[in-house]
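Participant: This is the structure I have questions about; it appears just below.
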Amino acid sequence: MYAPKIEVDGDFALVWADTSFVDGKTSHCGVNSFNLVRTEAGWRIANAASTIDPNGCTEAEK
Numbered sequence: 003m004y005a006p007k008i009e010v011d012g013d014f015a016l017v018w019a020d021t022s023f024v025d026g027k028t029s030h031c032g033v034n035s036f037n038l039v040r041t042e043a044g045w046r047i048a049n050a051a052s053t054i055d056p057n058g059c060t061e062a063e064k
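Each residue of the sequence shown is one higher than the one before, starting from 3 at the first, in my numbering.
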């Protein structure tokens with residue numbers, strides 16, 4: 003993950019970041035998204051989602 007964008011409103015937060023998956027060579031690129039909730043124990047991930055696009059990588063990501 004790189005270039006994360008983070009939004010926080012009270013006890014809720016959203017993290018959105020570009021991602022690339024490399025296993026010897028770049029397999030795919032996409033986005034990872036996490037919804038977080040702050041509890042008495044700290045921040046907890048409430049939801050996670052991602053996209054996988056084998057043709058979505060820029061030349062810099064390859």
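We put the beta carbon where it would ideally sit given N, CA and C, even for glycine. Every value quoted in this text rests on a predicted model; they were computed, and no experiment measured them.
On the CB-based measure, 16 or more other CB atoms within 10 Å of its CB, does residue 36 come out buried or exposed?
Facilitator: Answer is buried; the Cβ neighbour count reaches 16.
Participant: What is the DSSP secondary structure of residue 27, reduced to helix, strand or coil?
Facilitator: It is coil, neither helix nor strand.
Participant: Whole angstroms is fine: what's the gap from residue 21's alpha carbon to residue 42's?
Facilitator: If you take the alpha carbons of residue 21 and residue 42, they lie about 30 Å apart.
Participant: Is residue 8 helix, strand or coil by DSSP?
Facilitator: In this structure, residue 8 counts as strand in the three-state DSSP scheme.
Participant: Are the beta-carbon atoms belonging to residue 39 and residue 11 less than 9 Å from one another?
Facilitator: Result no, Cβ atoms of residue 39 and residue 11 do not sit closer than 9 Å.
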